[in-house]
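These notes are about the structure you will find just below.
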Amino acid sequence: MNPARKLSAFILLAAGLLGWQGASAQAYPAKPIQWISPWTAGGGNDILSRALAEQLASRLGQPVVVENRPGATGTIGTAQVARAAPDGYTLTLASAATHATAPAIYSKLTYDPVKDFTPITLVATVANVLVIHPSVPAHNLKELIAYAKANPNKLNFSSVGAGSIQHLSGVMFNQLAGVQTAHVPYKGTAPAVVDLLAGRVQMAFESLPTMLPHIRSGALRAIGVTTPKRSAVLPELPTLAEAGLQGFDASLWYAVMGPAGIPQPVVKVLHDTVVASLQSPEVMRRLSEQGAELATSSPQELAEFVRKDTEKWSGFIKRAGVTLD
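First residue of the sequence shown: 11, per our numbering; consecutive thereafter.
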(Lines of atoms letter the chains of each structure in order from A and count residues from 1; the text may use other names and numbers.)
(Lines give C-alpha, C1' and ligand atoms only; values in the text may rest on other atoms or scores of the structure.)
Protein backbone atom coordinates (compact mmCIF):
# COMPACT_ATOMS: atom_id res chain seq x y z
CA MET A 1 0.00 0.00 0.00
CA ASN A 2 1.45 3.40 -0.95
CA PRO A 3 1.88 6.13 1.71
CA ALA A 4 -1.15 8.11 0.54
CA ARG A 5 -3.44 5.06 0.84
CA LYS A 6 -1.96 4.21 4.25
CA LEU A 7 -2.72 7.73 5.47
CA SER A 8 -6.25 7.55 4.12
CA ALA A 9 -6.81 4.18 5.81
CA PHE A 10 -5.50 5.54 9.12
CA ILE A 11 -7.78 8.58 8.90
CA LEU A 12 -10.79 6.37 8.17
CA LEU A 13 -9.92 4.08 11.09
CA ALA A 14 -9.50 7.02 13.49
CA ALA A 15 -12.76 8.53 12.32
CA GLY A 16 -14.46 5.20 12.82
CA LEU A 17 -13.15 4.87 16.36
CA LEU A 18 -14.25 8.40 17.22
CA GLY A 19 -17.62 7.71 15.70
CA TRP A 20 -17.93 4.48 17.72
CA GLN A 21 -17.02 6.29 20.95
CA GLY A 22 -19.55 9.03 20.23
CA ALA A 23 -22.23 6.49 19.38
CA SER A 24 -21.47 4.45 22.52
CA ALA A 25 -21.85 7.54 24.69
CA GLN A 26 -25.09 8.51 22.93
CA ALA A 27 -26.47 4.97 23.24
CA TYR A 28 -25.51 4.63 26.90
CA PRO A 29 -27.34 3.38 28.81
CA ALA A 30 -29.25 0.99 26.61
CA LYS A 31 -30.21 -1.44 29.38
CA PRO A 32 -30.66 -1.50 33.20
CA ILE A 33 -27.65 -0.66 35.39
CA GLN A 34 -26.67 -2.89 38.30
CA TRP A 35 -25.63 -0.98 41.44
CA ILE A 36 -23.87 -3.07 44.08
CA SER A 37 -24.09 -1.88 47.69
CA PRO A 38 -21.51 -4.02 49.53
CA TRP A 39 -23.26 -3.58 52.87
CA THR A 40 -26.53 -4.67 54.48
CA ALA A 41 -29.83 -2.97 53.70
CA GLY A 42 -30.71 0.01 55.87
CA GLY A 43 -27.15 1.19 56.50
CA GLY A 44 -25.62 4.45 55.32
CA ASN A 45 -24.15 2.98 52.13
CA ASP A 46 -27.44 1.34 51.20
CA ILE A 47 -29.49 4.48 51.89
CA LEU A 48 -27.24 6.72 49.78
CA SER A 49 -26.99 4.08 47.04
CA ARG A 50 -30.76 3.90 46.69
CA ALA A 51 -31.21 7.67 46.72
CA LEU A 52 -28.60 8.07 43.97
CA ALA A 53 -29.93 5.10 41.98
CA GLU A 54 -33.40 6.63 41.89
CA GLN A 55 -32.05 9.92 40.57
CA LEU A 56 -29.82 8.23 37.99
CA ALA A 57 -32.71 6.13 36.70
CA SER A 58 -34.83 9.24 36.25
CA ARG A 59 -32.08 11.14 34.44
CA LEU A 60 -30.71 8.28 32.31
CA GLY A 61 -34.03 6.70 31.37
CA GLN A 62 -33.05 3.20 32.47
CA PRO A 63 -33.66 1.29 35.74
CA VAL A 64 -30.78 1.37 38.21
CA VAL A 65 -31.19 -1.73 40.38
CA VAL A 66 -29.53 -1.72 43.81
CA GLU A 67 -28.38 -5.12 45.06
CA ASN A 68 -26.92 -5.68 48.53
CA ARG A 69 -23.84 -7.93 48.58
CA PRO A 70 -22.59 -7.62 52.18
CA GLY A 71 -19.78 -9.43 53.92
CA ALA A 72 -16.12 -9.18 54.96
CA THR A 73 -16.25 -5.43 55.68
CA GLY A 74 -17.71 -4.67 52.26
CA THR A 75 -15.07 -6.54 50.27
CA ILE A 76 -17.29 -9.33 48.89
CA GLY A 77 -19.59 -7.02 46.93
CA THR A 78 -16.69 -4.78 45.95
CA ALA A 79 -14.77 -7.74 44.51
CA GLN A 80 -17.83 -8.60 42.41
CA VAL A 81 -17.75 -5.12 40.87
CA ALA A 82 -14.01 -5.42 40.11
CA ARG A 83 -14.72 -8.60 38.11
CA ALA A 84 -17.64 -7.15 36.13
CA ALA A 85 -17.52 -6.13 32.48
CA PRO A 86 -16.16 -2.57 32.07
CA ASP A 87 -19.17 -1.29 30.14
CA GLY A 88 -20.72 1.11 32.66
CA TYR A 89 -23.53 -1.28 33.60
CA THR A 90 -22.09 -2.27 37.00
CA LEU A 91 -21.43 0.42 39.61
CA THR A 92 -20.84 0.62 43.34
CA LEU A 93 -20.70 3.12 46.16
CA ALA A 94 -17.12 2.59 47.32
CA SER A 95 -15.97 3.76 50.73
CA ALA A 96 -12.95 4.16 52.95
CA ALA A 97 -13.60 0.67 54.32
CA THR A 98 -13.57 -1.07 50.92
CA HIS A 99 -10.79 0.92 49.27
CA ALA A 100 -8.54 2.52 51.89
CA THR A 101 -8.42 0.12 54.86
CA ALA A 102 -9.28 -3.31 53.39
CA PRO A 103 -6.07 -3.66 51.32
CA ALA A 104 -3.95 -3.48 54.48
CA ILE A 105 -6.27 -5.56 56.66
CA TYR A 106 -6.82 -8.46 54.24
CA SER A 107 -3.57 -9.97 52.96
CA LYS A 108 -5.49 -12.06 50.40
CA LEU A 109 -7.76 -9.33 49.06
CA THR A 110 -8.82 -10.23 45.51
CA TYR A 111 -8.83 -6.68 44.11
CA ASP A 112 -6.55 -3.67 43.90
CA PRO A 113 -8.35 -0.51 45.12
CA VAL A 114 -6.73 1.67 42.44
CA LYS A 115 -5.93 -0.54 39.44
CA ASP A 116 -9.16 -2.57 39.38
CA PHE A 117 -11.67 0.31 39.37
CA THR A 118 -12.75 3.24 37.23
CA PRO A 119 -13.25 6.30 39.46
CA ILE A 120 -16.36 8.36 38.67
CA THR A 121 -16.73 10.96 41.44
CA LEU A 122 -16.39 11.46 45.16
CA VAL A 123 -19.85 11.76 46.72
CA ALA A 124 -19.49 12.76 50.37
CA THR A 125 -17.48 12.67 53.57
CA VAL A 126 -19.01 11.60 56.88
CA ALA A 127 -18.02 12.44 60.43
CA ASN A 128 -18.03 9.86 63.19
CA VAL A 129 -18.14 11.02 66.78
CA LEU A 130 -16.49 9.67 69.93
CA VAL A 131 -19.23 9.24 72.53
CA ILE A 132 -19.06 7.86 76.05
CA HIS A 133 -21.63 6.57 78.52
CA PRO A 134 -22.42 9.07 81.31
CA SER A 135 -21.10 6.59 83.88
CA VAL A 136 -17.59 7.44 82.69
CA PRO A 137 -16.34 10.33 84.87
CA ALA A 138 -15.11 12.50 82.00
CA HIS A 139 -16.58 15.51 80.21
CA ASN A 140 -13.86 16.19 77.65
CA LEU A 141 -10.97 14.47 75.90
CA LYS A 142 -8.36 15.43 78.50
CA GLU A 143 -10.41 13.95 81.34
CA LEU A 144 -11.20 10.81 79.31
CA ILE A 145 -7.54 10.14 78.57
CA ALA A 146 -6.60 10.73 82.21
CA TYR A 147 -9.28 8.26 83.35
CA ALA A 148 -8.24 5.65 80.76
CA LYS A 149 -4.59 5.92 81.83
CA ALA A 150 -5.55 5.48 85.47
CA ASN A 151 -7.78 2.50 84.63
CA PRO A 152 -6.14 0.44 81.84
CA ASN A 153 -8.52 -1.92 80.01
CA LYS A 154 -11.47 -0.82 82.14
CA LEU A 155 -13.04 1.03 79.21
CA ASN A 156 -14.48 -0.91 76.25
CA PHE A 157 -15.34 0.54 72.85
CA SER A 158 -17.86 -0.98 70.44
CA SER A 159 -17.79 -1.23 66.66
CA VAL A 160 -19.87 -2.70 63.84
CA GLY A 161 -17.17 -5.29 63.26
CA ALA A 162 -13.46 -6.02 63.25
CA GLY A 163 -11.64 -4.00 60.61
CA SER A 164 -14.34 -1.33 60.40
CA ILE A 165 -13.55 2.39 60.55
CA GLN A 166 -15.07 2.39 64.05
CA HIS A 167 -12.66 -0.35 65.14
CA LEU A 168 -9.66 1.39 63.58
CA SER A 169 -10.71 4.68 65.17
CA GLY A 170 -10.47 2.99 68.56
CA VAL A 171 -7.03 1.62 67.71
CA MET A 172 -5.93 5.09 66.62
CA PHE A 173 -7.28 6.55 69.87
CA ASN A 174 -5.32 4.03 71.94
CA GLN A 175 -2.11 4.75 70.06
CA LEU A 176 -2.28 8.54 69.99
CA ALA A 177 -3.57 8.85 73.57
CA GLY A 178 -1.21 6.20 74.96
CA VAL A 179 -4.03 4.28 76.65
CA GLN A 180 -5.42 0.75 76.72
CA THR A 181 -9.12 0.29 75.91
CA ALA A 182 -10.68 -2.97 74.71
CA HIS A 183 -12.47 -3.52 71.40
CA VAL A 184 -15.90 -5.20 71.44
CA PRO A 185 -17.14 -5.99 67.88
CA TYR A 186 -20.87 -6.30 67.10
CA LYS A 187 -22.81 -7.49 64.07
CA GLY A 188 -24.19 -4.12 63.09
CA THR A 189 -24.92 -0.69 64.55
CA ALA A 190 -28.20 -1.47 66.34
CA PRO A 191 -26.92 -4.03 68.90
CA ALA A 192 -23.79 -1.93 69.48
CA VAL A 193 -25.88 1.14 70.30
CA VAL A 194 -28.19 -0.86 72.61
CA ASP A 195 -25.24 -2.02 74.72
CA LEU A 196 -23.67 1.43 74.68
CA LEU A 197 -26.86 3.03 75.99
CA ALA A 198 -27.07 0.34 78.67
CA GLY A 199 -23.47 0.96 79.73
CA ARG A 200 -22.29 -2.55 78.88
CA VAL A 201 -19.69 -0.82 76.69
CA GLN A 202 -18.51 2.64 77.61
CA MET A 203 -17.26 4.18 74.35
CA ALA A 204 -17.96 4.20 70.62
CA PHE A 205 -16.83 5.95 67.45
CA GLU A 206 -20.15 6.04 65.65
CA SER A 207 -22.00 7.98 62.96
CA LEU A 208 -22.85 11.48 64.20
CA PRO A 209 -26.47 11.41 62.94
CA THR A 210 -27.04 8.05 64.66
CA MET A 211 -25.66 9.39 67.93
CA LEU A 212 -27.18 12.89 67.77
CA PRO A 213 -30.55 12.09 69.44
CA HIS A 214 -28.74 10.32 72.30
CA ILE A 215 -26.27 13.19 72.67
CA ARG A 216 -29.06 15.76 72.83
CA SER A 217 -31.08 13.71 75.30
CA GLY A 218 -28.07 13.31 77.59
CA ALA A 219 -28.05 9.52 77.24
CA LEU A 220 -24.53 9.76 75.78
CA ARG A 221 -21.76 12.35 76.10
CA ALA A 222 -20.00 13.61 72.97
CA ILE A 223 -16.23 14.11 73.18
CA GLY A 224 -15.22 15.02 69.62
CA VAL A 225 -15.53 14.21 65.91
CA THR A 226 -13.02 11.99 64.09
CA THR A 227 -12.60 14.19 60.99
CA PRO A 228 -9.99 16.92 60.39
CA LYS A 229 -12.65 19.64 60.48
CA ARG A 230 -15.78 20.14 62.57
CA SER A 231 -19.12 18.82 61.39
CA ALA A 232 -21.88 21.18 60.27
CA VAL A 233 -24.32 18.88 62.09
CA LEU A 234 -22.81 19.77 65.50
CA PRO A 235 -20.41 22.67 64.86
CA GLU A 236 -19.78 23.42 68.53
CA LEU A 237 -18.17 20.00 69.04
CA PRO A 238 -14.37 20.06 68.52
CA THR A 239 -12.42 17.60 66.44
CA LEU A 240 -10.32 15.10 68.38
CA ALA A 241 -7.24 16.69 66.82
CA GLU A 242 -8.30 20.11 68.12
CA ALA A 243 -9.00 18.65 71.57
CA GLY A 244 -5.48 17.28 71.89
CA LEU A 245 -4.94 14.20 69.71
CA GLN A 246 -2.88 15.80 66.96
CA GLY A 247 -3.00 13.88 63.70
CA PHE A 248 -6.26 12.07 64.48
CA ASP A 249 -8.07 11.59 61.16
CA ALA A 250 -10.47 8.70 60.71
CA SER A 251 -12.63 10.08 57.93
CA LEU A 252 -15.33 8.06 56.22
CA TRP A 253 -16.05 8.81 52.57
CA TYR A 254 -18.23 7.54 49.74
CA ALA A 255 -17.48 7.53 46.00
CA VAL A 256 -19.05 6.11 42.84
CA MET A 257 -16.87 3.62 40.96
CA GLY A 258 -17.09 0.89 38.36
CA PRO A 259 -14.72 -1.83 37.12
CA ALA A 260 -11.48 -0.72 35.47
CA GLY A 261 -11.63 0.07 31.77
CA ILE A 262 -14.98 1.84 31.35
CA PRO A 263 -14.77 3.94 28.13
CA GLN A 264 -14.19 7.65 28.73
CA PRO A 265 -17.41 8.79 26.99
CA VAL A 266 -19.41 6.58 29.35
CA VAL A 267 -17.40 7.82 32.35
CA LYS A 268 -18.30 11.39 31.41
CA VAL A 269 -22.01 10.54 31.16
CA LEU A 270 -21.91 8.86 34.57
CA HIS A 271 -19.85 11.61 36.20
CA ASP A 272 -22.08 14.42 34.97
CA THR A 273 -25.26 12.54 35.86
CA VAL A 274 -24.11 11.60 39.38
CA VAL A 275 -22.96 15.16 40.11
CA ALA A 276 -26.31 16.53 38.91
CA SER A 277 -28.15 13.90 40.99
CA LEU A 278 -26.27 14.96 44.11
CA GLN A 279 -27.84 18.41 43.80
CA SER A 280 -31.39 17.05 43.96
CA PRO A 281 -33.39 17.86 47.12
CA GLU A 282 -33.98 14.16 47.89
CA VAL A 283 -30.30 13.21 47.74
CA MET A 284 -29.33 16.33 49.69
CA ARG A 285 -31.86 15.33 52.36
CA ARG A 286 -30.42 11.81 52.54
CA LEU A 287 -26.89 13.18 52.83
CA SER A 288 -27.97 15.47 55.66
CA GLU A 289 -29.68 12.61 57.49
CA GLN A 290 -26.46 10.60 57.31
CA GLY A 291 -24.38 13.53 58.57
CA ALA A 292 -22.63 13.52 55.22
CA GLU A 293 -21.14 16.59 53.56
CA LEU A 294 -21.28 16.84 49.77
CA ALA A 295 -17.85 16.42 48.17
CA THR A 296 -17.74 15.88 44.40
CA SER A 297 -14.61 15.49 42.27
CA SER A 298 -13.32 14.72 38.82
CA PRO A 299 -12.40 11.08 38.11
CA GLN A 300 -8.72 12.05 38.18
CA GLU A 301 -9.07 13.81 41.53
CA LEU A 302 -10.87 10.79 42.98
CA ALA A 303 -8.11 8.43 41.80
CA GLU A 304 -5.49 10.55 43.56
CA PHE A 305 -7.66 10.89 46.68
CA VAL A 306 -8.05 7.11 46.97
CA ARG A 307 -4.34 6.54 46.39
CA LYS A 308 -3.38 8.92 49.20
CA ASP A 309 -5.99 7.62 51.64
CA THR A 310 -4.96 4.01 50.94
CA GLU A 311 -1.33 4.89 51.66
CA LYS A 312 -2.28 6.66 54.89
CA TRP A 313 -4.33 3.77 56.25
CA SER A 314 -1.88 1.15 55.05
CA GLY A 315 0.94 2.71 57.06
CA PHE A 316 -1.20 3.06 60.16
CA ILE A 317 -2.66 -0.48 60.00
CA LYS A 318 0.78 -2.05 59.52
CA ARG A 319 2.18 -0.13 62.50
CA ALA A 320 -0.83 -1.13 64.59
CA GLY A 321 -0.60 -4.79 63.50
CA VAL A 322 -4.31 -5.10 62.65
CA THR A 323 -5.08 -8.11 60.41
CA LEU A 324 -8.18 -10.21 59.72
CA ASP A 325 -6.67 -13.22 57.96
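Yeah, the Cβ is synthetic: ideal placement off N, Cα and C, and Gly gets one too.
Between the C-alpha atoms of residue 209 and residue 229 there is a straight-line separation of about 10 Å. Excluding the 5 residues flanking it on each side, residue 141 has same chain C-beta neighbours closer than 6 Å at 214, 221, 230, 232, in chain order. By the neighbour-count definition (other C-beta atoms within 10 Å, threshold 16), residue 114 is a buried residue. Residue pairing for residue 243: DSSP places it in no beta bridge. The DSSP-derived three-state label of residue 163 is coil. Cβ neighbours of residue 254 within its own chain (closer than 8 Å, five residues either side excluded): 151, 152, 155.
Within the same chain, and ignoring the five residues on either side of residue 106 in sequence, the residues whose Cβ sits closer than 8 Å to its Cβ are 175, 261, 262, 263, 319, 323. By a beta-carbon distance limit of 8 Å, residue 202 does not contact residue 163. Their separation comes to about 19 Å.
Contact between residue 45 and residue 63 holds, since their C-beta atoms are separated by about 5 Å, short of 8 Å. Shown here, residue 149 sits in coil according to DSSP, grouped into three states, outside any helix or strand. As DSSP reads the structure, residue 202 sits in no beta bridge. Pairing residue 276 with residue 267, the inter-Cα distance amounts to about 12 Å. Taking 8 Å as the upper bound for CB-CB distance, residue 129 and residue 293 are not in contact here, some 19 Å apart. In the same chain as residue 41, and ignoring 5 residues on each side of it, the C-beta atoms closer than 7 Å to its own belong to 72, 99, in chain order.
The continuous stretches of beta strand (DSSP E) do not include residue 326, which lies in the alpha helix (DSSP H) extending over residues 309–330. For the region 232–313, the full-length alpha helix (DSSP H) segments reaching 4 residues or more read 250–253, 274–288, 291–299 along the chain. Distance from the CA of residue 195 to the CA of residue 173, rounded to the nearest whole angstrom, comes to 9 Å.
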